[in-house]
Every structure is written in structure tokens, then in C-alpha cells.
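full-length UniProt numbering applies: residue 1 is where the sequence shown begins, and numbers increase by one.
The C-beta atom is built at its ideal place from N, Cα and C for all residues, glycine as well.
Given the structure is predicted, the values throughout are model-derived calculations rather than measurements.
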Amino acid sequence: MRKAIGSTPALVANYGQFIQAIFDFIIVTFAIFMAIKPINKLRRQKTAETPPAPSAEAVLLTEIRELLKAQLKDKYT
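Dropping the structure here:
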């Protein structure tokens, strides 16, 4: 870039260090990705195996529906 003049140091572009930093970053991110990917796969399998339990509201609404069906059945029989 610019040569050294007197006590002023030369201006140097250290693009090799920049490229090395990018390369190191890519390697580290790939390693983290490969470590997290199987963990997420195991989590998805666990959640798929156990269906969520119905909420208290859903259970209550189901009971009300069954009671109304029973009342209508008794009324028309």
C-alpha cells in the first residue's frame, strides 16, 4: 500500500488474517451446527411420541356435551 517514511510504519493490508478469521468462524459454526442438530432431532421425537393432555377447559366442555346429550336422549325417549 504505502511504504514506510521516516518513523511512520508502512501501511499493510493484512487480508490473510481476515480470511483466516472467516475460515475459523465457518469451521466453528459448522461444528456447533453438527452438535445441535442431533439434539433437536431427539427433542422432536420425544414430543411426537407423547400427545399433549387435554386442557382442563377441554375436559369440562366434553363433560358438558355428554350431559346435554344425555338430557336430550332422556327427553325424547
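From Glu-63 to Lys-69, what distance separates their C-alpha atoms?
10 Å
Since I believe Ala-10 is in contact with Ala-4 (beta carbons under 8 Å), could you give me their beta-carbon distance rounded to a whole number of angstroms?
4 Å
In whole angstroms, give me the CA-to-CA distance for Leu-67 and Pro-54.
19 Å
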